[in-house]
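Here the sequence shown stands for residues -24 to -1, 1 to 792, where the numbers follow mature numbering (1 follows the signal peptide of the UniProt record, and there is no 0). Backbone N, C-alpha and C define an ideal beta-carbon position, used for all residues, glycine too. First up is the structure itself, then whatever we jot down about it.
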Amino acid sequence: MKMNSKVVCALMIAITILSQLTYAQARFVKNLEGHWKFQKGNISDAHQVDFNDRNWETVTVPHDWAIYGPFNKDVDKQTVAIFQNGEKVATEKTGRTGALPHIGTAWYRKTFSVPEFEKDKKAILLFEGVMSEPEVFLNGHKIGEWKYGYGYFYFDISDKILDGKNILAVKASNKAFASRWYPGAGIYRKVSLIVKNRESIDQWGTFIETPYISEKEAKVTIKTKVTGDQIKLVTTIFDAKGSKVNSNSTTEHFGNEFEQNIKIEHPNLWSPTSPYLYTAVSQVFVDNQLKDEQSTRFGVRSIKFDSKTGFSLNGKVTKFKGVCLHHDLGPLGAAINKAALKRQLTILKDMGCNAIRSSHNMPSLEQLELCDEMGFMFLAESFDEWAKPKVKNGYNRFFEAYAEKDVVNLVQATRNHPCIVMWSSGNEVPDQAGSEGVKRAKYLQDIFHREDPTRPVTVGMDQVKSVMESGFGSILDVPGLNYRVHLYEEAYEKFPQGFILGSETASTISSRGIYKFPVVQGKMTQHDDLQCSSYDLESCNWSNVPDEDFVLQDDKPWVIGEFVWTGFDYLGEPTPYDKKWPSRSSYFGISDLAGLPKDRYYLYRSRWNTTSETLHVLPHWNWNGREGKITPVFVYTNYNSAELFINGKSMGIQKKNTSTPQNRYRLMWMDVKYEPGTLKIVAYDDDGNQKAVKEIITAEKPYRLVLSPDRKTIKADGKDISYVEVSVLDKKGNPCPTATNQLKFKVKGDGIFRAACNGDATSLEMFHKPTMKLFSGKLVVLVQSTKRSGDISLTVTGNGLKPARTQIKTENLTLE
Ligand code: GAL
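Here it is in structure tokens:
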């Protein structure tokens, strides 16, 4: 029988409802996202049940109270010397934490009801991240607190929860001098309520390993911690299509742990190129009655770190082509949003990136889910500080009491994600120097090993000489070097592991579409407009340009890969302008804060994306006033040679060569004199055949706007976002790369204007206001769905410009 798509749809809905009903019997999970009441301030009785919060703002969680600004140089202004940056003298720093008003205390209150909560049930309240130092109250009683803003934590509230209406109150407090970047503020990740039977799987009680893998079969070992007596545990594995693969039923347990070994024949392995996922459904029975049921996604894959071959995934030597990411999502702040994360990963995938490092803290669970699905390896980091401070009010205050708890929760909550291939216990911790630090490194690594014997642990080390002396570097499973390309060779000789990871590399600084002359390599170079040159030759005192890392990756088989600082610009840390207002966000990103690729994106793409062609030329060709002046042209391409033509005249062929790191990876015409017109690049293969052509043309004045949404259909879930890129063309249709027109945005229909961002690190325009200037001819508008399905229209206008409009659809059911 052939079914039409409507019938299939109806069937799928019926199956979903049915499965939810069965699920509901055993376990009930509620995402506490809507209708929170919010108020800034230290309000003494806000935890009381009868507190009147009627005049408080209504918000949804995830929420970031500080992202709405305004930017203010006095927020977290500090007179400090940043020792890790090699500073010796204290100077006034503005914008270090993003200049957004994140400091202070705020309260959240939410009323929720649990219909028919029976006394023999168990209730868990799970927080995936509150910035910071949350104190949690239920029905007027304090049920607990946490300290680390990045930690996942939960409380058993079985004794405090009431049948019917409950009042949850959460206090969050951010101190000044507590972070080196914008941390966000408030309940910025998910909160859920889990109601289950007493006889049930413990929170994060499932651990899936794949200790044996061959082409023929894989052994899946599933350890499950269950509370209750007379338990029978049935675990069934399903493949990616939902077909049953195999199952096991057991009553045998040691303590509260059940261990099952289940075979998968001819397993589909997980890898970045083929991110295949299985699901294990664990069912707890007592007297043949279903008491609990939980699904866990996992992958079948093997990892090996070896002194001879470095890192292998599924038996294949693989190098990390990775990026470091801070947790903020630019214009959304720290409030987690899956569409925003997915867009970032989509952009990185096209670049050929295969790995992410969550610097310098626990990743969101949504990001891990996406990395599992989309195929990214993951280095999950825990801390930027141990017991010794980098900033006065940083994690050092909590290390003694919380480090173990935070690591345990990180590992237990995330260890079933196949994407995670390594843990990091710290980044450039000042504890590196001295014997205390070696003990701490060992202490943390042992906790990781105890909780997860299957993955190694690294630390991003910057004090390379002292960790060679102290033994700190030798005890780590994976020695990670942050920058210091000149010390790789020596570290490799001195450390026993036989390989080195570039745990943090490059820290090249640039502003999208901004070019500075003369074109020279520089460290901490400053320009009057507080921008950095996009010729990709500027870096920091401690860092380098990408090509220097490429040399190590290519010439040293024992270098197992790199994690570039950073995939995207982030709020805060505006090096080299941290003393200059109004710089308020970073220049390190391969893409800018709006997610728009800078030139550097194509440099990485030209080597990392081995399946697509890259041919990118810079700078733009709109240099009114530079006529006759030296204006070098760079080309980033996977081809080894290319010819440059200006207005039809050849400027010669350039070939990649090993004379300098730059000449090895870029094609550069250093003596070109600017004349307006057409700049054309012809790329050749090694036999001299023409393979690709690219042209850029000097634009006339801005004439009309163009909108291109990254997705034309989004989910009507009140969360999904379409990112609409706005650019401007001249009358002939050429992009205007220097346009800075002020634009206005209007959203109508079944969606809302969520935010805009132009990637300018010095802009003080607020992201949530429906107007913004173009930066280097572009910006991005974020259009968010409501819970109504239908059509959304975005209209963008600007003085003297032909306006543009785009339509986006929102749908209730997206079959993925
Ligand atoms: C590193 C540090 C990062 C960031 C980066 C900037 O030393 O680990 O968090 O500060 O420098 O270059």
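Checklist entry - Hey, would you say the C-beta of residue 796 is under 7 Å away from at least one heavy atom of the ligand GAL? => result The chain is shown from -24 up to 792; residue 796 falls before or after that span and cannot be answered.
Checklist entry - How many angstroms separate the CA atom of K147 from the CA atom of V648? => result Cα to Cα, K147 sits roughly 60 Å from V648.
Checklist entry - Counting pairs of beta carbons, one from the stretch 47 to 67 and one from the stretch 90 to 99, are three or more of them closer than 8 Å? => result The count of Cβ pairs closer than 8 Å, one atom from the stretch 47 to 67 and one from the stretch 90 to 99, stays below three, leaving the stretches out of contact.
Next on the checklist: Does Q270 come out as helix, strand or coil in the three-state DSSP assignment?
Outcome noted: Here Q270 carries a strand assignment [DSSP, helix/strand/coil].
Checklist entry - Beta carbon of H23, beta carbon of A145: below 8 Å? => result With contacts defined as CB atoms closer than 8 Å, H23 and A145 qualify as a contacting pair.
Item to check | Through-space distance from W83 to S540, alpha-carbon basis | outcome: At residue 540 the sequence reads Val, which differs from the Ser that was named. The alpha-carbon of V540 is positioned some 37 Å away from that of W83.
Checklist entry - What residues match up with E111 in a beta bridge as DSSP calls it? => result DSSP, once it has assigned bridges, lists E121, K147 as partnering E111.
Next on the checklist: When you measure from the CB of C712 to every non-hydrogen atom of the ligand GAL, does any distance come out below 7 Å?
Outcome noted: Checking every heavy atom of the ligand GAL against the Cβ of C712, none is found closer than 7 Å.
Checklist entry - Where are the alpha helix (DSSP H) runs, 4 residues long or more, that stay fully inside the stretch 376 to 435, in chain order? => result If you keep only unbroken alpha helix (DSSP H) runs of at least 4 residues inside the stretch 376 to 435, you get 411 to 427.
Next on the checklist: Considering only the alpha carbon of each residue, which of Q502, Y511, L506, V700 lies closest to N517?
Outcome noted: Checked all of Q502, Y511, L506, V700; the closest Cα to N517 is Q502.
Item to check | Beta-carbon gap between N330 and F354 smaller than 8 Å | outcome: No, they are not a contact pair.
Checklist entry - What did DSSP end up calling M742 once you bin it into helix, strand or coil? => result Three-state DSSP puts M742 in coil, outside helix and strand.
Checklist entry - How is D706 classed by DSSP in three states: helix, strand or coil? => result Coil, per DSSP.
Checklist entry - G735 by DSSP, collapsed to three states: which one? => result Under the three-state reduction of DSSP, G735 is assigned to coil, being neither helix nor strand.
Checklist entry - Of the choices Q630, S515, K118, K123, whose alpha-carbon is the least far from that of D21? => result Nearest C-alpha to D21: K118.
Next on the checklist: Distance check for P711 and V521, CA to CA, integer angstroms please.
Outcome noted: When rounded, the distance between both Cα atoms is 28 Å.
Checklist entry - Would you say H336 touches the ligand GAL, meaning its beta carbon is less than 7 Å from a heavy atom? => result H336 Cβ: within cutoff of the ligand GAL.
Checklist entry - For S561, which residues of its own chain have a beta-carbon under 7 Å away from its beta-carbon, when the five flanking residues on both sides are left out? => result If we look at S561 and ignore the five residues flanking it on each side, its Cβ neighbours are G74, D545, Y546, L547, G548, P550, L569, A737.
Checklist entry - Do P573 and the ligand SAH come close, with the Cβ less than 7 Å from some heavy atom? => result In the structure shown, the ligand SAH is absent; the only ligands present are the ligand GAL.
Checklist entry - Should A356 and L386 be called a contact, given that it needs their Cβ atoms to be closer than 8 Å? => result Contact: yes.
Item to check | DSSP three-state assignment for L755, whether helix, strand or coil | outcome: Looking at L755 - three-state DSSP - the assignment turns out to be strand.
Next on the checklist: For a quick check, are the C-beta atoms of F475 and F281 less than 8 Å apart?
Outcome noted: Yes, the Cβ-Cβ distance between F475 and F281 is below 8 Å.
Item to check | Counterpart residues of P251 in DSSP-defined beta bridges | outcome: W246.
Checklist entry - Can we count G436 as close to the ligand GAL, meaning its CB is less than 7 Å from some heavy atom? => result For the ligand GAL, at least one heavy atom lies less than 7 Å from the Cβ of G436.
Item to check | Alpha-carbon to alpha-carbon, G571 and I323 | outcome: One C-alpha to the other measures close to 8 Å.
Checklist entry - Using a threshold of 7 Å, is the CB atom of T551 nearer than that to any non-hydrogen atom of the ligand GAL? => result For T551, the shortest separation between its Cβ and any heavy atom of the ligand GAL lies below 7 Å.
Next on the checklist: Can you tell me where the beta strand (DSSP E) holding Y158 begins and where it ends?
Outcome noted: Premise fails: Y158 is in no beta strand (DSSP E) and is neither H nor E.
Next on the checklist: I'd like to know if the stretch 531 to 538 and the stretch 478 to 492 are in contact, where contact means that at least 3 CB-CB pairs between them fall below 8 Å.
Outcome noted: Counting Cβ pairs under 8 Å, three or more are found: they touch.
Item to check | Residue from Y158, S219, W246 whose Cα sits closest to the Cα of E185 | outcome: It is W246 whose Cα lies nearest to the Cα of E185.
Item to check | Extent of the continuous alpha helix (DSSP H) run through W584 | outcome: Per DSSP, W584 belongs to the alpha helix (DSSP H) from 575 to 584.
Next on the checklist: Which residues does DSSP list as the beta-bridge partners of F234?
Outcome noted: Beta-bridge pairing links F234 to T200.
Checklist entry - Can you tell which of K318, G298, L777, V414 has the C-alpha that lies nearest to the C-alpha of L305? => result When each option's Cα is compared against that of L305, the closest is K318.
Checklist entry - So, S176 versus D268, is the Cβ gap smaller than 8 Å? => result Taking 8 Å as the cut-off, the beta carbon of S176 is found closer than this to the beta carbon of D268.
Checklist entry - With DSSP run on the structure shown, which of helix, strand or coil describes P558? => result The DSSP-derived three-state label of P558 is coil.
Checklist entry - Can you list the alpha helix (DSSP H) stretches of 4 or more residues lying completely in the stretch 566 to 638, in chain order? => result If we require 4 residues or more, the alpha helix (DSSP H) runs fully inside the stretch 566 to 638 come out as 575 to 584.
Item to check | Proximal residues to K785 (C-beta, below 7 Å), its chain only, five neighbours per side dropped | outcome: Cβ neighbours of K785 within its own chain (closer than 7 Å, five residues either side excluded): K688, T689, D767.
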